[in-house]
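In what follows, a structure is listed as structure tokens, so that the remarks can point back to it.
In the numbering used here, the protein residues as written are 7 to 165.
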């Protein structure tokens with residue numbers, strides 16, 4: 007199994023596992039509190055699949071550009087994370103189950119869509135556009151050894 011296959015498998019399990027957990031949360035009302043807690047805990051466990059999934063591919067596709075690519079991807083994740091509470095607040099004005107179902111279905115759609123997108127187009131292989139900085143060959147310093155021993159001074163200092 008190749009490196010890309012492993013990252014795709016991990017990312018898919020994270021995306022689809024998360025989507026399934028939040029999809030099942032749509033059917034949990036207040037009488038299923040422990041079921042809801044277990045589903046949320048399982049969802050958080052599935053999130054760990056993103057680390058060997060897309061996160062690994064982000065740092066693998068262009069080793070010489072890892073910092074820029076990681077920063078670019080994380081800035082979008084931070085923007086989405088910052089906007090999510092406002093979106094959820096706008097969708098759950100009354101806090102009723104139907105409003106939360108919309109939130110959970112939105113999460114299901116996002117996880118499924120991004121998971122399928124990564125499955126189709128994701129890669130963990132070094133890309134040809136990665137322009138690694140090539141180091142110039144280093145020249146070795148050669149020590150000159152005296153051929154006749156006249157340059158060698160030996161000292162036998164006796165006190």
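Even glycine gets a Cβ: it sits at the ideal position worked out from N, Cα and C. Predicted model only: the values in this text are computed from it and were never measured.
By the DSSP assignment, the alpha helix (DSSP H) with residue i in it spans what residues?
i           : result
residue 14  : 9-31
residue 92  : 72-97
residue 133 : Unbroken run through residue 133: none, as it is neither H nor E.
residue 117 : 103-127
residue 47  : 39-53
With a 10 Å radius around its C-beta and 16 neighbouring C-beta atoms as the bar for buried, classify residue i as buried or exposed.
i           : result
residue 117 : buried
residue 103 : exposed
residue 25  : buried
residue 126 : exposed
residue 110 : buried
residue 67  : buried
residue 36  : exposed
residue 52  : buried
residue 20  : buried
residue 137 : exposed
residue 130 : buried
Quiz item: Taking contact to mean at least 3 C-beta pairs separated by less than 8 Å, is the stretch 40-56 in contact with the stretch 85-92?
Solution: By the criterion of at least three beta-carbon pairs nearer than 8 Å, the stretch 40-56 is not in contact with the stretch 85-92.
Self-check item: At least three beta-carbon pairs within less than 8 Å, the stretch 91-107 to the stretch 55-72
Solution: Judged by Cβ distances under 8 Å, the stretch 91-107 makes no contact with the stretch 55-72, as fewer than three pairs qualify.
Exercise. Mind the definition here: the stretch 9-18 touches the stretch 107-116 only if three or more C-beta pairs lie below 8 Å; say whether that holds.
Key: These segments do not touch.
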